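Written out below as C-alpha cells is the structure these notes cover.
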Amino acid sequence: MTPYLELLQPYPFTRIANLLREIVPNPEKAPLRLSIGEPQHPTPGFIQQALVDHMQGFSRYPETVGSLELRQAILDWLTVRYQLGSTRLSVEHLLPVNGTREALFAVAQLLADRQPCALVAMPNPFYQIYEGAALLAGLQPLFLNCPADQGYLPDLDAVSPAQWQEVQMIYICNPGNPSGAIMPPTMLQRLLELADRHDFVILSDECYSEIYPDENQPPPGLLEVCRQLGRDDFARCLVFHSLSKRSNMPGFRSGFVAGDAGLIKSFLQYRTYHGCAMPQPIQQASISAWRDEAHVLANRQAYNAKYQAVQPAITKAFGVQRPQAGFYFWLNLKQDDQDFAQRLYREENLILVPGSYLARDTPAGNPGRNHVRLALVGELGQCIEGINRLVACHARALDS
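Written out as C-alpha cells, the structure reads:
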C-alpha cells in the first residue's frame, strides 16, 4: 500500500462529527446544518428532462473525450463568458470531467515529477482535495496563508525565488473557498509571470464563478486574463469549472477542464486509462445546462435574496459585508472556533465548519483559527433561522 496514504488528514466533516460526538444538542431547536457547501436549489426541470430523454445512452460506453456536441457547448459558453472570441480557443483546449473534484485530484497525478523537494503551492485555507492530490502524487504542499489583512488572498511575493523554483504546480481557488475573495487581474498576471519564470502549471479552480452579486461585474477568470495578455496558447494554465454550483447539479458530477492544449492532450491520455468517462445521458443534460443562462441568473437572484435577508444581522454582529462571490460567509469570531462550534451545537442545534479545519498550521499560525464557515445553500427561511441562532449564540459567548 502506498505510504503516502498515511499523510492524509481526516476530512473536515469527519472532524466535525468527532468534535460534536459527545454533545447533546438543544432538543427544543430543530437541527440545522449550514456546514456543507452542497447546493440545495432544485435542478432545473429542463435539465432533468434532458437526462430522462437520453436514458438509453447508459447502455453504451462513453468516450473519455466526450461528445463533440458537449465540447462545443462548453466552448461556446467559455467564449461568451470570458470574451475569448479573439483567441484560438477550440475544442482541443478542453475536456469534460466528472466534476471538478475528480479532475483537480487527478491532474496532480499527471503533472507530478517526483523530484526531491518538489512543491505544490495552494491557498491556506483551502479545499482539502488540493492537499490530498499533492501528497498522493508524492509532492509536498506549500501553504500560502490568506489572512484578513491581505483580503483573504495569498501574498505571492512572500514566496522566495528558491521556493518558486521547486513549485511544479499551484492551485488557486478563484473565487475563493471559504472567503469568496476574487483574485484581481493584476494578481493573475503576476502569477503568470511567475509560472513562466519558474516553469510551473497554474490550476485555477473556478467552480464558484457564477455566483456573484452584480450582474455587471462577473468575476474574472484565468483564461480571460490570458486573452488580455495575448497568450492565445494558454500555456501553463488549466481552469476547472463545474455545473454543481452554477446549475444546481451536484449529483450529476459534471464539469470541464480547459486551457493549455498540450496539457489537455496529456490529461486525456491519462484519463483514458483512469476510466472516468462521463455517461452519455449526463453529457446530454450538461449540454442543456451549458446552453442556458436564464436558470443561472435565477440561481444568482435566489442567493441574492438570502444574502439581503441575513446581511443586516451579520454586519451588526460581525462587521462583515457580503463576500465578493460564492455562497459562504467566512466569519471571524474572535474566539476559539472549535469551542464555539461545540457551544453552537449544544445551545442552538446548529452545525457550522470550524475555520481551523479548513486550513493548516504554519509558522505564521493557522489562518482559519477563530473563524467559521457557513453556507447559505438551504431554503431562505432556514438560512434566516440559522443566522439568528448563530448571532444569538455569539452574543452570549461574548458576554460570558
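Going letter by letter, the sequence shown gives residues 48 to 447 in the numbering used here. Think of the CB as a built atom: it goes at the ideal place given N, C-alpha and C, for glycine as much as any other residue. Predicted model only: the values in this text are computed from it and were never measured.
Distance between residue j and residue i (C-alpha atoms, nearest Å)
i: A439; j: G433; result: 10 angstroms
i: G223; j: A195; result: 13 angstroms
i: F303; j: R390; result: 40 angstroms
i: R300; j: T49; result: 27 angstroms
i: Q95; j: P328; result: 10 angstroms
i: V357; j: M230; result: 25 angstroms
i: L290; j: M102; result: 19 angstroms
i: L79; j: Q429; result: 7 angstroms
i: S106; j: F152; result: 28 angstroms
i: D386; j: G92; result: 42 angstroms
i: L186; j: V99; result: 43 angstroms
i: N263; j: V138; result: 28 angstroms
i: T126; j: G309; result: 19 angstroms
Other residues of its chain near residue i: CB distance less than 7 angstroms, five sequence neighbours each side excluded
i: E213; result: C164, A165 and L166
i: R338; result: A120
i: Y382; result: The residue you asked about is not Tyr; residue 382 is Gln in the sequence shown. Contacts found: N417 and A444.
i: C273; result: F281 and C284
i: G198; result: A228
Within-8 angstroms CB hit, residue i to chain B
i: E139; result: Of the protein chains in the structure, only one exists, and it is not chain B.
Cβ shell of residue i (< 8 angstroms), same chain only, five flanking positions each side left out
i: I249; result: M216, I217, I219, L238, L239, A242, L269, R283, C284 and L285
i: T409; result: N171, F190 and N192
i: A352; result: L427
i: L182; result: Y51, L54, L55 and P188
i: D307; result: H140, V248, D280, F281, A282, R283, C284 and L285
Residues near residue i in its chain [Cβ-Cβ closer than 6 angstroms; skip 5 each side]
i: S294; result: A336
i: P37; result: Absent from the model: residue 37. The displayed extent of the chain is 48 to 447, so no value can be given.
i: T90; result: N295 and M296
i: P143; result: G113, L117, F303 and M325
i: A406; result: N171, P172, N413, P414 and G415
i: E394; result: N73 and C440
Assumed close pair residue i, residue j - CB separation to whole angstroms, cut-off 8 angstroms
i: Q331; j: A97; result: 5 angstroms
i: Q175; j: P59; result: 7 angstroms
i: Y354; j: P225; result: Actually they do not touch by this definition, with Cβ atoms about 15 angstroms apart.
i: E271; j: Q130; result: 6 angstroms
i: T111; j: L315; result: 6 angstroms
Those residues which DSSP pairs with residue i across a bridge
i: N192; result: N171
i: L397; result: L79
i: A305; result: L141 and V286
i: G294; result: The sequence shown places Ser at residue 294, not Gly. Looking at the DSSP assignment, S294 forms no beta bridge with any residue, so it has no partner.
Open item on the list: Taking 8 angstroms as the cut-off, does the stretch 391-401 touch the stretch 155-162 (at least 3 CB pairs, one atom from each stretch)?
Closed with: no
Task: Stretch-stretch touch, CB-based, cutoff 8 angstroms, three pairs: the stretch 408-426 with the stretch 63-70 - done: no
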